[in-house]
Each structure stands twice: as C-alpha cells, then as structure tokens.
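K.L.:
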Amino acid sequence: MAKLDVLHYPNSVLRKKCEAIDVIDDDVVQLAHDMLETMYVDKGIGLAAPQVGVSRRLIVLDIGDGPLMLVNPKIVAAEGSDTMEEGCLCLPGINVEVERSARVRVSGLDLAGKELDIDADDLLARALQHEIDHLSGTLIIDKVSKLKRDLLIKKYKKAQQP
Ligand code: NI
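Here it is as structure tokens:
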C-alpha cells in the first residue's frame with residue numbers, strides 16, 4: 002500500500018462528476034488499498050477517489066469498526082435529518098455544520114464485485130453521504146448558504162497563504 006497525495010480545494014478534479022467503474026481490475030483494487038492507507042495516515046474516516054485525483058466512483062471508509070471499500074456506491078433510500086460538524090481532507094482547517102439525512106441505505110459493490118446493501122445511521126450514514134457527495138463534485142462548503150460559503154472560502158484562502 003502507498004500513501005497518495007490528497008488534492009486540496011480549489012483543484013478542478015474535486016469538482017468533476019466521476020465515472021462509474023465497469024471492471025474491478027487490479028488497478029481498482031490497488032487504488033482502493035492505497036486510498037485506505039492514505040485515509041489512515043491523514044486521519045480521515047472516509048476518502049473518495051477524486052480526492053486523490055482519480056475521477057471514478059470509488060470510496061473507502063472506516064469509522065472505527067474496520068475498513069469499508071465501495072465501488073459505484075449509491076444512496077437508494079434516505080430518511081430523517083441531522084446536523085453535525087464536518088471536515089474534509091480537501092479543505093484543511095475548515096469545519097462546517099452540515100445537514101444530512103439521519104439514515105441511509107447505500108448500495109454498491111465490494112472489491113470482489115459482490116453487491117452490498119448497507120443500512121447506516123449516525124456517523125456511518127454521515128460519512129457515506131459525505132464521500133458519495135465527492136463523486137458528484139460536491140464539497141461541504143456547498144452544503145451551506147452562499148453567505149456562509151463566501152466567508153468560509155475567504156477564511157480558507159487566507160489560511161493557505163504562506
Ligand atoms: Ni471530504
């Protein structure tokens with residue numbers, strides 16, 4: 002496994018809609034394991050492929066009970082709502098209160114190509130929604146009002162300056 006570089010906002014790859022993975026080949030499996038390593042080293046609880054510059058539908062997560070790697074993940078049902086502070090490895094130093102569904106059902110494939118259905122709540126539901134958002138180019142700063150977003154971007158840009 003290798004640690005990969007995580008892209009930072011405003012890198013344009015983070016804004017692209019990712020392509021579905023048709024074949025889970027060795028490259029995809031390798032990428033998933035490298036993403037997992039990267040996530041652990043950078044102390045995240047989830048990572049999506051575009052965050053390491055690959056515009057494909059692959060996410061990895063570990064909220065503390067073991068790794069989860071999902072190909073072509075999709076939210077198939079959602080209910081309730083919940084607000085919690087989130088960060089993102091692509092936006093270092095930024096924390097935002099984000100409203101999301103409280104419970105979700107996510108379908109996808111594991112690395113062996115087997116179909117998975119995951120019923121999630123609490124932190125796992127939140128992390129899944131956050132990572133799946135990345136696959137359509139959506140970041141946490143997009144989940145707040147324009148006024149709030151402008152302030153956050155200003156703060157972020159200021160913090161990025163040497
Ligand atoms: Ni993120």
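The sequence shown begins at 2 in my numbering and counts up one residue at a time. The beta carbon of each residue, even a glycine, is placed where N, CA and C say it ideally should be.
1. Can you round the beta-carbon distance between ILE76 and VAL107 to whole angstroms, since I take them to be within the 8 Å contact cut?
2. If the criterion is Cβ atoms closer than 9 Å, does the pair GLY94 and LYS156 meet it?
3. If you reduce the DSSP assignment to three classes, tell me which class VAL61 lands in.
4. May I ask you to check if the CB of CYS19 is nearer than 8 Å to at least one heavy atom of the ligand NI?
5. How is ILE141 classed by DSSP in three states: helix, strand or coil?
6. Determine, using beta-carbon pairs with one atom in the region 139-156 and one in the region 107-117, whether at least three such pairs fall under 8 Å.
7. Considering Cα atoms alone, identify which of VAL24, LYS18, HIS34 is closest to LYS4.
P.N.:
So, from the data block:
1. One-based indexing of the sequence shown puts residue 76 at position 75. One-based indexing of the sequence shown puts residue 107 at position 106. The C-beta distance from ILE76 to VAL107 rounds to 6 Å, short enough to fall under 8 Å.
2. Within the sequence shown, the letter at position 93 stands for residue 94. Within the sequence shown, the letter at position 155 stands for residue 156. Going by C-beta atoms, GLY94 is nearer than 9 Å to LYS156.
3. Walking along the sequence shown from the start, residue 61 turns up at place 60. Correct three-state label for VAL61: strand.
4. On the sequence shown, position 18 is the one that residue 19 refers to. Checking every heavy atom of the ligand NI against the Cβ of CYS19, none is found closer than 8 Å.
5. As a first step, residue 141 is located in the sequence shown; it is residue number 140 there, counting from the start. Three-state result, ILE141: helix.
6. no
7. Here the question's residue 4 lines up with position 3 in the sequence shown. With distances taken between Cα atoms, LYS4 lies closest to HIS34.
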